[in-house]
Amino acid sequence: MRVQLLPSTFDSQGRATSEQRLTCFLIDECVAVDAGSIALALTTEQRHNVRDIIVTHPHMDHIASLPIFIDDLFETLKSPVRIYATPEVIDLLERDIFNWNVYPRFSELQNEFGPVMEYVPIPQNEEFKVAHLTATAVSVNHIVPTVGVIVSDGKSTVAFSSDTAETDEFWRVINRVPHINALLIEASFPDSMAKLAEVSRHYTPASLGRDLRKLNHNSLDILAVHIKPAYRQLVIDELNALKIPKLGVMESGRVYTW
Ligand SMILES: [Zn+2]
Ligand SMILES: [Zn+2]
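Residues in the sequence shown are numbered consecutively from 0, following numbering that gives the first Met the number 0.
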């Protein structure tokens, strides 16, 4: 499985930098997990291949350019963009984003070929199909209804935590999977901001370190994502100080193969 964290920050020459402000992972050039930077960082070819998007929760950094992505493709879509999300998240997207005020309600619009956007309600703790992949959504501990997802192509399995603070169910489900190749886990705030991390339900390196003790697998790559740009180096230093084998930081733009 090929997984890329799309870039979301660009320097004055337009070159992507390592800072992550938005969240969007591209799997095998055709499936996205979250859509923060989806309209900003896909190649033309990728833009025409991606029709399946799993939305873990409706926070702006995870959906910011989703409306623009559909808008860009509106007239050329021969099949709808499918948004996979829990019923709670679908309701929030319809109420707060695709509400005719912030953006058009694409789920009610068609082009000459048919509907342009379609919701696919997903279950929790139960497998569902997304393109050629199998996925399982698991509720995590965030301030709005949010799921982590475990995605498999039949050979490799990659787990995405989405945004979360200390949690149990996600680890229980991961521990039940026979083999996990990689875990892409959030680490938002430095340890000195533990209070803010707690009220906004995010990890710090210290709380992530505690939660990783719940993980029974040991040969997987663990890559931190969602590091707040203002504290990036500090969080990276604190993660390194944990000295957890195979724990690193995911580079945006790089294609990882598992
Ligand atoms: Zn969030
Ligand atoms: Zn976020």
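Virtual Cβ for every residue (Gly too), placed ideally from N, Cα, C. As the structure is a prediction and not an experimental result, all values here were calculated from the model.
Consult DSSP for V172 and reduce its assignment to one of helix, strand or coil.
Position 173 of the sequence shown, counting from 1, holds the residue named residue 172. Looking at V172 - three-state DSSP - the assignment turns out to be helix.
Going by CA-CA distance only, name the one from F112, P57, K154 and V176 that's closest to I142.
Along the sequence shown, one-based indexing puts residue 142 at 143. Ranking the options by Cα distance to I142, first place goes to P57.
With DSSP as the reference, label S151 as helix, strand or coil.
In the sequence shown, counting from the first residue as 1, residue 151 sits at position 152. Strand, per DSSP.
If you compare alpha carbons, which of V80, S218 and V139 is closest to F159?
Residue mapping note: residue 159 aligns to position 160 of the sequence shown, counting from 1. If we check each option's Cα against that of F159, V139 comes out closest.
Beta-carbon proximity of E74 to N48, cut-off 8 Å
Translated into positions along the sequence shown, residue 74 becomes position 75. Translated into positions along the sequence shown, residue 48 becomes position 49. No; because the gap between Cβ atoms is not below 8 Å, this pair is not in contact.
For the 8 Å Cβ check, are there 3 or more pairs between the region 171-180 and the region 31-49?
Short answer: they don't touch.
Is the number of C-beta pairs between the region 18-28 and the region 224-244 that are closer than 8 Å three or more?
Result yes; three or more Cβ-Cβ pairs closer than 8 Å.
Per DSSP, what are the beta-bridge partners of N110 in this structure?
Locating residue 110 in the sequence shown gives position 111, counting from the first residue. G113, per the DSSP bridge assignment.
What's the gap between the Cα of I235 and the Cα of V115?
The residue labelled residue 235 in the question sits at position 236 within the sequence shown. The residue labelled residue 115 in the question sits at position 116 within the sequence shown. Their backbone Cα atoms lie some 41 Å apart in a straight line.
What residues are listed by DSSP as bridge partners for Q3?
Within the sequence shown, residue 3 is the residue found at index 4, counting from 1. Paired residue(s): L25 and V254.
What first and last residue would you give for the beta strand (DSSP E) that runs through V32?
Working through the sequence shown from its first residue, we reach residue 32 at position 33. Taken as a continuous stretch (DSSP letters only), the beta strand (DSSP E) holding V32 covers V30 to V32.
How about S161 and N180: do their beta carbons lie closer than 8 Å?
On the sequence shown, position 162 is the one that residue 161 refers to. On the sequence shown, position 181 is the one that residue 180 refers to. Cβ atoms of S161 and N180: not closer than 8 Å.
According to the neighbour-count rule (16 or more other Cβ atoms, all chains shown, within 10 Å of its Cβ), is M59 buried or exposed?
For the purposes of this step, residue 59 is identified with residue 60 of the sequence shown, where counting begins at 1. M59 comes out exposed.
What number of angstroms, rounded off, separates the C-alpha of K77 from the C-alpha of P6?
Taking the sequence shown and counting its residues from 1, the one referred to as residue 77 is at position 78. Taking the sequence shown and counting its residues from 1, the one referred to as residue 6 is at position 7. Distance between the alpha carbons of K77 and P6: 27 Å.
Reference T145, options V137, F188 and R212, closest by Cα
For the purposes of this step, residue 145 is taken as residue 146 along the sequence shown, with counting starting at 1. Here the closest residue by C-alpha is V137.
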